[in-house]
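Visitor:
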Amino acid sequence: MPSCLKIVGITVAVVLVVGVVVGSITWAILANRGPSPPELKELDWWEHTVLYQIYPRSFKDSDGDGIGDLKGITSQLEHFVDAGVGAIWMSPIFTSPMVDFGYDISDFYNIHYEYGTMEDFDELLAKAHELGIRVLLDYVPNHASNESEYFIKSEAREPGFEDFFVWADPRPGPDNGTNRLVPSNWISQFGGSVWEWSEIRQQYYLHQFAIQQADFNFRNPAVRQEMLNILGFWFTKGVDGFRLDALPHLFETAPNSSGIYPDEPLTGNMFLNPDQPGYTTQEHVRDVMELYDVVYEWRDFSDEFEKEFNTETKILLAEAYSNIRNTMLYYGNERDRTGCHFPFNFDFITSLSSWSTARDFVYVILRWLTYMPAGHVPNWVFGNHDNKRMPSRFRTDMVDGLNALNMILPGVAVTYQGEEIGMRDGYVSWEDTVDVNACNQGNPDNYLDFSRDPARTPYHWDDTTSAGFSTSTNTWLPVAEDYVEINLRRQKEANRSHYKVYQSLVSLRKEPSLSHGTYHIQALTENTLILIRHLITHDTYALVFNVGTTTDTVDLSVVPFLSEPITVYTSSVHSNKLAGSDVPLGDMRLVAGEAVVLKAAPTK
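If you read the sequence shown in numbering that gives the first Met the number 0, its first letter stands for residue 0, the second for the next number, and so on.
1. Taking DSSP as the reference, what is the three-state secondary structure of Q202?
2. So is F308 buried or exposed if we call it buried at 16+ other beta carbons inside 10 Å?
3. On the criterion of 16 or more Cβ atoms from any shown chain inside 10 Å, does P564 qualify as buried, or is it exposed?
4. Is it buried or exposed for S153, if we count other Cβ within 10 angstroms and need 16 for buried?
5. For F232, count the other beta carbons within 10 Å of its own beta carbon; 16 or more makes it buried, fewer makes it exposed. Which is it?
6. When you compare each of P276, P261, I259 and G237 to G267 by their alpha carbons, which one comes out closest?
7. Please classify F270 as buried or exposed, where buried requires at least 16 neighbouring CB atoms within 10 angstroms.
8. Considering only their Cβ atoms, is the gap separating P91 from V139 smaller than 8 Å?
9. On the DSSP bridge assignment, give the partners of M269 in chain order.
10. What first and last residue would you give for the alpha helix (DSSP H) that runs through V411?
11. Is K603 buried or exposed, if buried means 16 or more other CB atoms sit within 10 Å of its CB?
12. Rounded to whole angstroms, what's the CA-CA distance from Q490 to V380? Just pull it up for me.
13. How long is the line joining the alpha carbons of P330 and T279, rounded to whole angstroms?
14. Buried or exposed: which applies to I199, given that a residue is buried once 16 or more other Cβ atoms fall within 10 Å of its Cβ?
15. Please classify G240: does DSSP put it in a helix, a strand, or coil?
16. Below 6 Å CB to CB, which residues in the same chain sit around G67 once its five sequence neighbours on both sides are set aside?
17. Helix, strand or coil, according to DSSP, for I28 in the structure here?
18. By the three-class DSSP mapping on this structure, what secondary structure does P545 have?
19. For the beta strand (DSSP E) holding A625, just list the boundary residues, first then last.
20. Just the Cα atoms here: how many angstroms apart are L130 and D586?
21. Can you give the Cα-Cα distance for D121 and P559, rounded to whole angstroms?
22. Assign Q201 to buried or exposed, taking buried as 16 or more other Cβ atoms, counted over all protein chains shown, within 10 Å of its Cβ.
23. Near S471, what residues of its chain come up, given a Cβ to Cβ distance below 6 Å and the 5 sequence neighbours on each side ignored?
24. Quick check for students: name the residue ranges of the beta strand (DSSP E) that lie wholly in the region 342-394, counting only runs of 3 or more.
25. Could you give the residue range of the alpha helix (DSSP H) that holds E678?
26. With a CB to CB cut of under 8 Å and the five nearest residues on each side skipped, what residues in its chain are close to H537?
27. Going by DSSP, what residue range makes up the alpha helix (DSSP H) through F120?
28. Is the region 430-440 close to the region 562-577, with three or more CB pairs under 8 Å?
29. Measuring straight from C-alpha to C-alpha, what distance separates G579 and Y540?
30. In angstroms, rounded to a whole number, what distance separates the CA positions of G258 and A167?
31. How should D214 be labelled, buried or exposed, when 16 other C-beta atoms within 10 angstroms of its C-beta is the threshold for buried?
32. Could you say which of H78, L227, L76 and V84 lies nearest to W45 if we only look at CA atoms?
33. Use the C-beta contact count for D444: other C-beta atoms within 10 angstroms, 16 or more gives buried, fewer gives exposed.
34. Would you call V193 buried or exposed, if buried means 16 or more other Cβ atoms sit within 10 Å of its Cβ?
35. Are T337 and R388 touching if we call contact CB-CB under 8 Å?
36. Which residue marks the beginning of the alpha helix (DSSP H) containing D399, and which one marks its end?
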């Protein structure tokens, strides 16, 4: 063989050997590196935010009249920065006779005098935006006060306003009409008939809530246009979005060709009086399908406003206590129409309680995530101004665990004022009760079954006069007696507190595993659940929460996505598992109500 071929052969062999070695080393390096980090999609400002509900009348009083106001809110905006809140939603601040404390609006374009002026609002909005906080208002489209210009003009049959509200003639009686009968047997949400007689107009008007809250007629195009005008007015001022109140009630079943409204069947509930909601099926006064077209119109308007004026996203959030299928339609029809950015998820209020098991929690959480249309954003609500406070509805030892669920689940976390410090319902006597629902349906013996006042008592800033809410001792609702024990200043100064746990949980939401990761949730036992958030190459976080009333032991080694090393990120104030301590991948013992958030090695 020629020597040149030998040399070439040797060279080729060497090259092949070197190539194999280099390739092996390259693959070894790549294998050691592990998977590449995923590309993280940029989220819109609202998609992973913490939204905080303010009840303005009870948040902070700036002038000593015992009523919270806009200047009071402005003075405390730094609290939201400190807590990590991204957006605030204020219950109604518009001009109102205050029969239902702002949900009976007489002027949708102005500020109620007890809360301040339009200049005060502009100052609040500007400072909030300067601090990076978005501002949402509470929009009440279903009805207006009977002191509003709309109603006064409609009652007088002024041209253009004749059909602004739902008017009806009396139903013919068996005595040839000499006895005036209400148009149907429909019952108001606050008790009694939905129909109220107008001597001026000589007709009945419909009110699904208080007599003073007359329902708009959404089958009138002029009404629908005015609703858009109102949205546009506040969008132009710089408001970042709206919570849309009482949407299931926008429409009622229309009368037949003779002008007769259908009666509702009785439910047969023997525990209710004939004038209480639930005595009839409510099938003609709730969830009428026409309402969704109106909601979709509002979303179109919102999206068009953003494009025309080059603004950030203006969000619309639906308040809708309804069944899961009807609720999901507020997201859109999954064909050609988009609805609200999300409907509020009230399942933790309506479907769970202190008696619920871990399996109940997991089922209710997965139900929402299962029914939610693909590509949309979930949200979680644990309390509001219409229901008992979170610790009073569940248990006081569950506060940190419930806040942890709220913050670690995917999507938007909603906090009702006071939940960050574990505020409970305050006691309000019959003599001090002002809630129209309790006054209409209750008496000195049973009013607390109907009253929403206990969830609306003033915020606890500190242990000074009136919990630091007001310099006055005469507040619009009494301050809860436990304010010395439960207040923001005390919890800020404590080594461990609900507020400090809350802060740590909100801070955790910045982690990619929570903002972009997937989830796994399961009941480990009847009492204890685990919620895991994981994203490849990023730290894994897990909430272990004993919702039961007795001590429980669970085995973490059977849980997917968990691998050592594991440490405690944060825990309930009554837990003995401190932040930073190591946790073995094995048995974990939790006392009643205890919650522990764990940090584990990244998912591979």
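We put the beta carbon where it would ideally sit given N, CA and C, even for glycine.
Guide: According to the data block:
1. strand
2. Under the 10 Å beta carbon count, F308 is surrounded by fewer than 16 other beta carbons and is classified as exposed.
3. exposed
4. buried
5. exposed
6. P276
7. When all chains shown are included, F270 counts as exposed.
8. yes
9. Answer is none; M269 lacks a bridge partner.
10. Here V411 belongs to no alpha helix (DSSP H); instead the beta strand (DSSP E) covers V411 to Y415.
11. exposed
12. 23 Å
13. The question names Pro, but residue 330 is Tyr in the sequence shown. Approximately 29 Å, taken between the alpha carbons.
14. exposed
15. strand
16. P55, R56, S57, F58, K59 and D60
17. Because the pLDDT at I28 is just 43, under 50, the model does not fix this residue reliably, and the value given afterwards should be weighed accordingly. I28 falls in the helix class under three-state DSSP.
18. Contrary to the premise, residue 545 reads as Asn rather than Pro in this sequence. It is a strand residue.
19. The shown model of the chain, from 0 to 603, leaves out residue 625, and the question about it has no answer.
20. 45 Å
21. Distance from the CA of D121 to the CA of P559, rounded to the nearest whole angstrom, comes to 51 Å.
22. exposed
23. G63 and G65
24. The region 342-394 contains these whole beta strand (DSSP E) runs: 378-380.
25. Because the chain spans 0 through 603 in this model, residue 678 falls outside it and cannot be assessed.
26. Result list for H537: P36, E510, P511, S512, G516, P601 and T602, in chain order.
27. M117 to E129
28. no
29. 13 Å
30. 8 Å
31. buried
32. V84
33. exposed
34. buried
35. no
36. V398 to I407
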